[in-house]
Amino acid sequence: MNNVCYDLMLRLSGAIGGTFAGTTSGYNYYIFQEPATPDNTITFYNYNGEDLSCLTGEFAERCNVQIRVRNNDYQTARSIQETIRGALNVTTFTTAASATYFVNREGVATDLRVDENNRAIVVQNYNIVRSI
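In structure tokens form, the structure reads like this:
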């Protein structure tokens, strides 16, 4: 079974029925580690999971994922984050491995100002339930 971040990345890149791939032309996707270059990145971080199997009788887990967008231009970073939100918020999808995801946005996108290279960073957190 894939990591939750990997499946979300595939969803956004269009590999699991998403329609997002053309919007992020020129972006690079990363999971858990964001390199110093390139400038335009979308990075996925997974945190605080819990097993829900005891409640459902089947494999199920709840976790949180943070998606971080970095760009040289603040408005572009914000726009990409809003597009991601539109693609993922309150959505359900199933992967090739028959994992079903329910994705819900947590709060609003947060601006982290700029990094040491003056690149804008905008993050958004999501609550996710995955079942098989």
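Note that our numbering has the sequence shown beginning at -14, numbered continuously upward.
Idealized CB from N, CA, C, for every residue including glycine.
All values derive from a computational prediction rather than experimental measurement.
ask   = Going by alpha carbons, who is nearest to Val108 out of Gln51, Glu46, Ala21 and Leu(-3)?
value = Within the sequence shown, the letter at position 123 stands for residue 108. With distances taken between Cα atoms, Val108 lies closest to Gln51.
ask   = How is Arg104 classed by DSSP in three states: helix, strand or coil?
value = Locating residue 104 in the sequence shown gives position 119, counting from the first residue. In the structure shown, Arg104 sits in coil (DSSP, three-state: anything other than H, G, I, E or B).
message = Output needed for Asp100: all residues of its chain with C-beta closer than 8 Å, excluding positions within five of it in sequence on either side, in chain order.
response = Counted from its first residue, the sequence shown places residue 100 at position 115. Closer than 8 Å at Cβ, skipping near neighbours: Arg55 and Ile106.
message = For Pro23 and Tyr30, what's the separation of their Cα atoms in angstroms?
response = Taking the sequence shown and counting its residues from 1, one reaches residue 23 at position 38. Taking the sequence shown and counting its residues from 1, one reaches residue 30 at position 45. Each residue's alpha carbon lies about 18 Å from the other.
query = Beta carbon of Asn49, beta carbon of Asn89: below 7 Å?
reply = Position 64 of the sequence shown, counting from 1, holds the residue named residue 49. Position 104 of the sequence shown, counting from 1, holds the residue named residue 89. Cβ atoms of Asn49 and Asn89: not closer than 7 Å.
request  = Classify Ala62 as buried or exposed, calling it buried when 16 or more other Cβ atoms lie within 10 Å of its own Cβ.
outcome  = Here the question's residue 62 lines up with position 77 in the sequence shown. Residue burial annotation: Ala62 is buried, with at least 16 other C-beta atoms found within 10 angstroms of its C-beta.
request  = Please name the residue or residues paired with Arg53 in a DSSP beta bridge.
outcome  = Position 68 of the sequence shown, counting from 1, holds the residue named residue 53. Arg53 pairs with Thr28 and Val108.
key: Exposure label - Thr77; buried when at least 16 CB within 10 Å   = Here residue 77 refers to the residue found at position 92 of the sequence shown. Thr77 should be labelled exposed.
inquiry  = Applying the 10 Å Cβ sphere with the 16-neighbour rule, what's the burial state of Thr4?
reply    = Residue numbering aside, residue 4 sits at position 19 when the sequence shown is read from its first letter. No answer about Thr4 holds up, because its pLDDT of 41 lies below 50 and its placement is not dependable.
request  = Answer with buried or exposed for Ala6, where buried requires no fewer than 16 other C-beta atoms within 10 angstroms of its C-beta.
outcome  = On the sequence shown, residue 6 is found 21 positions in, with the first residue counted as 1. Confidence in Ala6 is poor, its pLDDT being 43 and thus under 50, which makes the residue's placement unreliable; the coordinate value appears in the next sentence. Exposed: under 16 other Cβ atoms inside 10 Å.
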